[in-house]
Amino acid sequence: MGKYWSKMARLYYRSASLDYVRGLLNYSLSCCVNALLQSFSATTELLDILNKCHPSDGTDERNVPLQLRNALEAMRDKSHPAPHINFLNCLYHQAIRPSTQQDADEIFHIVLNLSQKQMPDTAVAQEIRSLYEIKVETQVVCSKCKFIHRAPSSLFSLPLAICERENTLESCINSFFKLQKLPDSEKFYCDRCDEKQPCTHEVKLASLPPILCVHLKRFRNNDGFTRKLSNKVTFLETFSTGIFAAGQSENADCLKADECYSLYAVVVHIGTAMFGHYTAFIRSNQDEMWFYADDSRVQPVRDNTAYFLLYRKKSWNSSG
Ligand SMILES: [Zn+2]
1 MGKYWSKMAR LYYRSASLDY VRGLLNYSLS CCVNALLQSF SATTELLDIL NKCHPSDGTD
61 ERNVPLQLRN ALEAMRDKSH PAPHINFLNC LYHQAIRPST QQDADEIFHI VLNLSQKQMP
121 DTAVAQEIRS LYEIKVETQV VCSKCKFIHR APSSLFSLPL AICERENTLE SCINSFFKLQ
181 KLPDSEKFYC DRCDEKQPCT HEVKLASLPP ILCVHLKRFR NNDGFTRKLS NKVTFLETFS
241 TGIFAAGQSE NADCLKADEC YSLYAVVVHI GTAMFGHYTA FIRSNQDEMW FYADDSRVQP
301 VRDNTAYFLL YRKKSWNSSG
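In UniProt numbering, the protein residues as written are 1 to 320.
Structure, rendered in structure tokens:
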């Protein structure tokens with residue numbers, strides 16, 4: 001990945017004068033929200049959706065979707081002194097504690113869940129959901145009667161475990177969707193057999209969203225002690241949906257069309273589980289240039305550990 005990062009560093013320095021990514025001051029350890037805001041800002045589809053709703057009280061300080069929209073609009077205004085302060089206060093009032101270490105995936109879910117819940121227009125709330133929603137089906141097969149117990153569910157980010165050696169995005173995806181035999185200590189209650197049985201467990205993909213978020217699970221909890229896995233994960237700037245094909249039905253609707261995803265934002269975690277810092281790499285929609293945002297500052301690229309990847313779906317055959 002070293003080659004990859006240094007390539008991005010060059011792109012950044014060449015284009016720094018374009019001033020596309022607007023720096024955000026760090027208030028009360030807000031680097032996690034700042035990095036996420038940079039990724040939301042790069043997700044231009046999100047602001048388009050938020051702008052479809054115009055609540056009568058445009059100044060409601062407690063309304064997350066309204067304050068998110070205001071922050072994303074203000075980030076486009078270079079002269080705005082504090083584009084995200086009201087959004088931070090809005091989150092601090094109701095969902096997260098200021099001045100604490102935060103988890104980017106957790107904050108991402110809080111922001112998306114509150115954006116839907118507090119959105120007065122239900123059709124717009126559904127559009128926010130559809131933009132990110134990964135639909136899956138969990139299948140538990142009873143080893144005795146062979147009945148398949150199916151449970152549909154949805155995710156806003158694909159939670160991928162990483163192993164303690166080198167990983168590729170594809171190997172992490174394959175592990176997530178791999179058939180697993182649950183240990184005998186974790187028998188499953190089968191209502192057909194009316195008793196606990198050994199079983200296998202598998203997640204099947206049902207559909208992929210326009211914006212695909214990948215959460216690389218770098219924090220592992222062992223006996224109440226959280227440590228960070230800094231192992232390398234190699235990922236491509238573009239991939240086709242064929243990367244998901246292993247273990248899936250050949251008829252999976254979302255895999256029939258050979259579609260392509262293109263990386264446009266990376267949220268990075270630097271440091272340890274206890275003392276960490278978040279930054280973001282963002283690709284401009286217009287000119288395909290990469291930018292590096294470290295709160296309000298610009299810094300040389302260091303040895304970073306990607307934590308959160310955002311891919312945008314595009315037609316596999318399109319030139320863009
Ligand atoms: Zn059974």
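Glycine is no exception: its CB is placed at the ideal position from the N, C-alpha and C atoms.
Which whole-angstrom value describes the C-beta separation of residue i and residue j, a residue pair presumed to lie in contact below a C-beta threshold of 8 Å?
i: CYS193; j: CYS142; result: 6 Å
i: SER154; j: VAL140; result: Contact flag wrong, Cβ pair sits at about 18 Å.
i: ALA280; j: ALA35; result: 4 Å
i: VAL268; j: TYR261; result: About 19 Å; that fails the 8 Å criterion.
i: PHE308; j: ASP105; result: 6 Å
Alpha carbon to alpha carbon, what distance is there between residue j and residue i?
i: VAL298; j: ALA82; result: Residue placement at VAL298 is poorly supported in this model, since its pLDDT is 49, which falls under 50; the coordinates still yield a value, given next. Their Cα atoms are separated by approximately 18 Å.
i: ILE146; j: SER240; result: Reading the sequence as shown, one finds Lys at residue 146 and not Ile. In a straight line, the C-alpha of LYS146 is about 33 Å away from that of SER240.
i: LEU216; j: ALA273; result: 14 Å
i: ILE270; j: ASN167; result: 18 Å
i: PRO183; j: HIS201; result: 11 Å
i: HIS84; j: LYS178; result: 41 Å
i: CYS190; j: PHE176; result: 23 Å
i: CYS199; j: ALA42; result: 43 Å
i: HIS54; j: ILE134; result: 28 Å
i: CYS32; j: CYS163; result: 24 Å
i: LEU66; j: ARG150; result: 37 Å
Given 7 Å as the limit, tell me if residue i has its C-beta closer than that to any heavy atom belonging to ligand 1.
i: LYS144; result: yes
i: ARG150; result: no
i: ARG165; result: no
i: CYS193; result: yes
i: PHE147; result: yes
i: GLN197; result: yes
i: CYS254; result: no
i: CYS260; result: no
i: CYS31; result: no
Tell me which same chain residues have a C-beta within less than 7 Å of the C-beta of residue i, skipping the five on either side of it?
i: ILE49; result: VAL124, GLU127, ILE128, LEU131
i: VAL21; result: GLN38, ILE282, PHE291, ALA293
i: ARG62; result: CYS90, HIS93, GLN94
Give every residue of the same chain whose Cβ lies closer than 6 Å to the Cβ of residue i, excluding the five residues on either side of it in the sequence, and list them in chain order.
i: LYS196; result: LYS187, TYR189
Counting only the same chain and skipping the five closest in sequence on each side, list residues whose C-beta sits under 8 Å from that of residue i.
i: THR238; result: CYS260, TYR261, SER262, LEU263
Check your understanding: Within the chosen definition, does the stretch 96-103 reach the stretch 114-127 through at least 3 CB pairs nearer than 8 Å?
Key -> no
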